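Enquirer: Going from the sequence shown to the working numbering is simple: count from 1 and add 2.
Handing you a structure now.
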Amino acid sequence: QTVGQSVIWYEAPEPNITSANKTLTCAITEIELDGSSSINKAGVGILIYRWSTTNGTFEAGTDPTRNKVNIIGPGTYVLTITNSITGCEESFTYIIDENKPPQNVDPGENQVLTCDQISVQLDGSKSDTGPDIQITWQGPGISASNEKNIQPIVNQPGIYVLTITNTSTGCIYNAQVEVL
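Okay, structure coming up:
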């Protein structure tokens, strides 16, 4: 006669990652990945957290054994959850993208004021434009009335800076031109 043994079966933990954003931009330079909503389905032991990545970047000083981590680079992040009693583990993969498109900022050629030419037209028309692009000029001949013009007319010598802001990504790009 054979005596049977009891077998206790425990469910594996259920890892889960949440974050406020999934895309890094010029305005969003850090994202917190939160694994605290992971579920201990076994009902015994505690969950042990282990974060890893092969192509992303954790913020300096990040402890990969915490339930939350901060990341500063795009890539694939993996949260592995292990039950401290059963040893059962499961992993969850989370992808963070990056949206930092380069912008073309072209303030045009340097200009020269003379006795015969007392004003010049700056020319940013070769720069990127669009619904998410804000253009602003700065310099000695720029005022509230012409700072948003793509081709402002100025009558003062100096350095003029053309700034393009991409409002969807928060990226800001500058280039300068000189009026002599």
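Note that CB positions come from ideal geometry on N, CA and C, so glycine has one too.
As the structure is a computational prediction, the values presented were derived from the model and not from experiment.
1) In angstroms, rounded to a whole number, what distance separates the CA positions of S145 and P159?
2) Looking at the structure shown, is A177 part of a helix, part of a strand, or coil, going by DSSP?
3) May I ask which residues mark the beginning and end of the beta strand (DSSP E) holding Y162?
4) Could you tell me which residues DSSP puts in a beta bridge with G75?
5) Taking 8 Å as the cut-off, does the segment 41-56 touch the segment 118-137 (at least 3 CB pairs, one atom from each stretch)?
6) Between which two residues does the beta strand (DSSP E) containing Y96 stretch?
7) Should I98 be labelled buried (16 or more other beta-carbon atoms within 10 Å of its own) or exposed?
8) So the candidates are P76, C173, I19; which of them puts its Cα closest to the Cα of D130?
9) Bridge partners of K70, per DSSP?
10) Classify L26: buried if its beta carbon has 16 or more other beta carbons within 10 angstroms, exposed otherwise.
11) Express the C-alpha separation of N176 and K128 in angstroms, rounding to a whole number.
12) Assuming contact is defined by CB atoms lying nearer than 9 Å, are G37 and I19 in contact in what I supplied?
13) Of the residues D108, V80, Y96, I155, which one's Cα is nearest the Cα of V114?
14) Return the chain-ordered list of same chain residues with a C-beta closer than 6 Å to the C-beta of N85, the five sequence neighbours on each side being excluded.
Expert: Short version:
1) A straight line joining the alpha-carbon of S145 with that of P159 spans about 14 Å.
2) Under the three-state reduction of DSSP, A177 is assigned to strand.
3) Its beta strand (DSSP E) spans residues 160-168.
4) T59, per the DSSP bridge assignment.
5) Counting Cβ pairs under 8 Å, fewer than three are found: no touch.
6) Boundaries of the beta strand (DSSP E) around Y96: 91-100.
7) I98 is buried by the Cβ-count criterion.
8) Of the candidates P76, C173, I19, the residue whose Cα lies closest to the Cα of D130 is C173.
9) Bridge partners of K70: D36.
10) By the 10 Å Cβ count, L26 comes out buried.
11) Computed Cα separation, rounded: 14 Å.
12) Cβ atoms of G37 and I19: closer than 9 Å.
13) Ranking D108, V80, Y96, I155 by Cα distance to V114 puts I155 first.
14) If you ignore the 5 residues before and after N85, its C-beta comes within less than 6 Å of the C-beta of P15, A44, G47, all in its own chain and listed in chain order.
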